[in-house]
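Participant: Just so you know, my numbering puts 1184 at position 76 of the sequence shown, and the rest follows in order with no gaps. Every residue gets a Cβ at the ideal spot worked out from N, C-alpha and C, and that includes glycine. Fair warning: this is a prediction, and the values are worked out from it, not measured in the lab.
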Amino acid sequence: MAVIQIEATDLLVRLGEKDSPFLLDVREPHEFEYAQIEGSQLIPLNQIPLRFNELDPLKEVVVICHHGIRSQQAAFFLDHHGFKRVLNLAGGIDAWSRECDPTIKRY
């Protein structure tokens, strides 16, 4: 199954809603420390197979990385393991910084 992409501006709107999605950041800790979307939780990509059971498979999950490649891999993994409401942030945190929150540092 193909994982659905969500654009940064659409995510911004969704975060203002009552039932906002869970933000899963799959970058490395040093990347997360440098720049992050408020409220996101870090589980690096290489830890997803060991820690995905910490996530609620019924909650909508938006997966985030730098440009959208690693998050796409994590989203496929979660989809394969029964998560039905998984979205990949198109363009990653870089797109978020450019389109929604320029105070977030780009790298």
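(1) The ligand SAM heavy atoms versus the CB of Q1180: any closer than 7 Å?
(2) Spatial neighbours of H1175 within its chain, please: C-beta separation below 7 Å, excluding the five flanking residues on both sides.
(3) Three or more C-beta pairs under 8 Å: does that hold for the region 1183–1194 against the region 1206–1213?
(4) Could you pull out every residue in the same chain whose Cβ sits closer than 7 Å to the Cβ of C1208, ignoring the five residues on either side in sequence?
(5) When burial is assigned at 16 or more other CB atoms within 10 Å of the CB, is P1137 buried or exposed?
Facilitator: Concretely, from the data shown:
(1) In the structure shown, the ligand SAM is absent, as is every other ligand, since no ligand is present at all.
(2) Mapped onto the sequence shown, residue 1175 falls at position 67. So the list reads G1199, G1200 and D1202, once near-sequence residues are dropped.
(3) Touching, no.
(4) One-based indexing of the sequence shown puts residue 1208 at position 100. Correct list, in chain order: A1116, T1117 and L1120.
(5) Here residue 1137 is taken as the residue at index 29 of the sequence shown, counted from 1. Classification of P1137: exposed, given that the 10 Å Cβ count is below 16.
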